[in-house]
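Novice: Numbering (this note's numbering), first residue to last: 538 to 706.
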Amino acid sequence: MLDVTFRTTAVELAYKYWLGKCPPDKNSGQISGQISGQIPRHIPGRVHIDPMEMVAFLPNILLLDVQREPLDFRFRLVGTSVIPLLNRDYTGEWMSNISNLKAPGKVWTNCSSAVEFAEPVYAFTPYTGPKRGIIDVEDLILPMAADGSTVDMLMIILAATGKKPGRRE
Numbered sequence: 538m539l540d541v542t543f544r545t546t547a548v549e550l551a552y553k554y555w556l557g558k559c560p561p562d563k564n565s566g567q568i569s570g571q572i573s574g575q576i577p578r579h580i581p582g583r584v585h586i587d588p589m590e591m592v593a594f595l596p597n598i599l600l601l602d603v604q605r606e607p608l609d610f611r612f613r614l615v616g617t618s619v620i621p622l623l624n625r626d627y628t629g630e631w632m633s634n635i636s637n638l639k640a641p642g643k644v645w646t647n648c649s650s651a652v653e654f655a656e657p658v659y660a661f662t663p664y665t666g667p668k669r670g671i672i673d674v675e676d677l678i679l680p681m682a683a684d685g686s687t688v689d690m691l692m693i694i695l696a697a698t699g700k701k702p703g704r705r706e
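1. Out of Met538, Asp540, Leu539, Arg544, which one is the CA nearest neighbour of Gly699?
2. Does DSSP put Ile620 in a helix, in a strand, or in coil?
3. For Pro581, count the other beta carbons within 10 Å of its own beta carbon; 16 or more makes it buried, fewer makes it exposed. Which is it?
4. Please state if the CB of Trp631 and the CB of Arg611 are separated by a distance shorter than 7 Å.
5. Output the boundary residues of the beta strand (DSSP E) element that contains Gly699.
6. How is the alpha helix (DSSP H) around Val548 delimited, first residue to last?
7. Using the Cα positions of Gly574 and Val658, report the straight-line distance between them to the nearest angstrom.
8. DSSP three-state label for Pro663, please.
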């Protein structure tokens, strides 16, 4: 699905994990439904993921519940490596109530795109928080769906990228 070079191990591992949890599409057949030689797949739901299998990147995870009407996102889980990047724990809060995350911002737009197209969204978000030495945040938004197609949750992986050696602040 994505053709990118990941900059952090956590994001790369999470993407490979998510892909491995995408069940084959049983309705489209292996020949007629193929695109670029790949068997079409449904997207995984929450029941398909196991935190014990995600130890290597679990601290970098955000889980968001998706509300459809009106569109909004509720923070279900905020990983321990993510809280310092966000400068606080947003667990239980709605994204529409957080000034720097609500529409029409980049984070909201990326989350909306993952919901609308039921496909991963890979992005870099410029970092504006209190931690020194961070250039940006590599973020990967992975859609999840209990029914295999209607996105009802987003698994987001965030990993800070540091300043390049020799670069001045």
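Ideal placement from N, C-alpha and C gives every residue a C-beta, glycine not left out.
Specialist: If we stick to the structure as given:
1. Residue 699 sits at position 162 when you count from the first residue of the sequence shown. Ranking Met538, Asp540, Leu539, Arg544 by Cα distance to Gly699 puts Arg544 first.
2. If you number the sequence shown from 1, residue 620 lands on position 83. In the structure shown, Ile620 sits in a helix (DSSP, three-state: H, G or I).
3. Residue mapping note: residue 581 aligns to position 44 of the sequence shown, counting from 1. With 16 or more Cβ atoms within 10 Å of its Cβ, Pro581 is classed as buried.
4. Counting from 1 along the sequence shown, the entry for residue 611 is found at position 74. Counting from 1 along the sequence shown, the entry for residue 631 is found at position 94. Yes, the Cβ-Cβ distance between Arg611 and Trp631 is below 7 Å.
5. To locate residue 699, count along the sequence shown from 1; it is residue 162. From DSSP, the beta strand (DSSP E) with Gly699 extends over 690 to 699.
6. Residue numbering aside, residue 548 sits at position 11 when the sequence shown is read from its first letter. First-last of the alpha helix (DSSP H) with Val548: 546 to 558.
7. One-based indexing of the sequence shown puts residue 574 at position 37. One-based indexing of the sequence shown puts residue 658 at position 121. Because the pLDDT at Gly574 is just 43, under 50, the model does not fix this residue reliably, and the point stays unresolved.
8. As a working note, residue 663 is residue 126 in the sequence shown. DSSP places Pro663 in strand when its eight states are reduced to three.
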